[in-house]
Amino acid sequence: MSSKCMGFSLGLFLLLLVGGGIGEVANAQAVSESHLSNNHPLIKQKHARMASVAELLRETSDRIDETRALIEKLRYDAEQLDRELQADNVSDVSYPQILMQLQVQRINLSIEKAGLDAKSERLLQLVGDPATDTPDEKALGKRAKLEELLELERAGLARADQLQKRGVLQSNDLIEARKRVIEIELKLLDLEGPQRPKSPESVWAAELLSKTALDRIEVNAKLATVEKLLGPLQTLRPKLSALEANKNELDSWRDEQAKLKDRQMELKNRLREMKNELNLSLEGSGN
């Protein structure tokens, strides 16, 4: 068989190999083999190996297209989650920092509140020493009424605290309720020992108690605000988790796509080498 005829069949085979799939490769192989003698089994084997590599190349290219579509979908989902978080004035980068700062503030304010509560309790003891003289009936009646009123105000304060934590009540209303409790407590202190002069220590304790009461109001208001800010942030955790999982999956598919592209290039180079080998074999058969 002439080299010209075998060169023609090789060219037709490679043209269909590059432009089509495995069906075209099989057709090209049939055309080429029709121009070859039956005494060329090695060339037939080369055709078969080229067809196998071409099929692998096609499958790899299809897989690259699939990963490209999947990566675009994951990127779109990530952008959607980012926009939702930005609407709440946070991002996947700032969220951990904001959450940590608020949690640290809550801990510090809780510690400060515990200290002020203990200080206030001790000052109440210093201010509230009973007088040596026995109170009269009028003073006792007034004290009973104030104690009853104090219990009611404390119950109202507890309810206001619960409502404020659920976001139903403003922090200013909670502060006002606390002020009413303190005012009654101070009135009760005025009834203690009314028939003897107050000692310098009790006067100092009473003045410091008033300042401590204001500090307690301030700390409680700050703590309530921190709790209010932490509430919505806690609800964002699922979105942050979804975004993190999305980005991890996106990185994984990008790595997979890079490996597939390397494989695609490797197969193309292998086909090119096999083409050269087949060309040399056909030229050798023509000679």
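All you need for my numbering is the position in the sequence shown, starting with 1, plus 145.
Positions of the beta carbon are idealized from the N, C-alpha and C atoms, including for glycine.
Going along the chain, which residues of its own chain have a beta-carbon closer than 7 angstroms to the beta-carbon of residue i, five neighbours each way excluded?
i: Leu261; result: Thr357, Asp360, Arg361, Val364
i: Glu257; result: Val364
i: Asn184; result: Any reading at Asn184 is ruled out, since the residue's pLDDT is 42, under 50, leaving its predicted position unreliable.
i: Arg323; result: Leu302, Ile362, Asn365
i: Glu346; result: Leu271
i: Lys413; result: Leu202
i: Gly156; result: Bear in mind that a pLDDT of 43 at Gly156, under 50, signals an unreliable position, so the model cannot answer this.
i: Ala214; result: none
Report back the beta-carbon spacing between residue i and residue j to the nearest angstrom; my notes put them in contact at under 8 angstroms.
i: Leu268; j: Ala387; result: Rounded, the Cβ-Cβ distance is 51 angstroms, inconsistent with contact.
i: Arg399; j: Ile209; result: With a Cβ gap of about 12 angstroms, Arg399 and Ile209 do not count as contacting.
i: Leu254; j: Leu368; result: 4 angstroms
i: Val371; j: Leu247; result: 6 angstroms
i: Asn391; j: Leu219; result: 6 angstroms
i: Leu423; j: Lys191; result: 5 angstroms
i: Tyr240; j: Leu385; result: 6 angstroms
Check whether the Cβ atoms of residue i and residue j lie closer than 8 angstroms to each other.
i: Gln379; j: Ser206; result: no
i: Glu411; j: Thr212; result: no
i: Ala305; j: Leu291; result: no
i: Leu381; j: Leu230; result: yes
i: Ser316; j: Ala366; result: yes
i: Leu187; j: Ser426; result: yes
Can you list, in chain order, the residues of its chain with a C-beta nearer than 8 angstroms to that of residue i? Leave out the 5 residues immediately preceding and following it.
i: Ser265; result: Leu354, Thr357, Ala358, Arg361
i: Val326; result: Leu295, Glu298, Arg299, Leu302
i: Leu416; result: Leu162, Met195, Val198, Ala199, Leu202
i: Ile252; result: none
i: Leu405; result: Thr205, Arg208, Ile209, Thr212
i: Ala223; result: Leu388, Asn391, Lys392, Leu395
i: Gly376; result: Gly312
i: Ala403; result: none
i: Glu418; result: none
Check whether the Cβ of residue i lies closer than 8 angstroms to any Cβ atom in chain C.
i: Ala366; result: Here there is only one protein chain, and chain C is not present.
If I measure Cβ to Cβ from residue i and keep anything under 6 angstroms in the same chain, skipping five residues before and after, which residues do I get?
i: Ile167; result: With a pLDDT of 43 at Ile167, under the threshold of 50, the modelled position of that residue is not reliable, and the figure given next carries that caveat. For Ile167, where only same-chain residues beyond five positions count, the Cβ hits under 6 angstroms are Glu200.
i: Leu308; result: Leu314
i: Arg228; result: none
i: Ala171; result: With a pLDDT of 44 at Ala171, under the threshold of 50, the predicted position of this residue should be treated as unreliable, and no value is reported.
I want to check one thing, is the minimum distance from the CB of residue i to the heavy atoms of the ligand GTP below 7 angstroms?
i: Glu204; result: Among the components of this structure there are no ligands whatsoever, and the ligand GTP is therefore not found.
* the region 329 to 337 touching the region 287 to 303, judged by at least three CB pairs closer than 8 angstroms -> yes
* Asked: Residue ranges of each alpha helix (DSSP H) run of no fewer than 4 residues wholly in the region 360 to 412, ordered along the chain?
  -> none
* Asked: Which runs of the alpha helix (DSSP H) fall wholly inside the region 297 to 344 and span at least 4 residues, in chain order?
  -> 316 to 336
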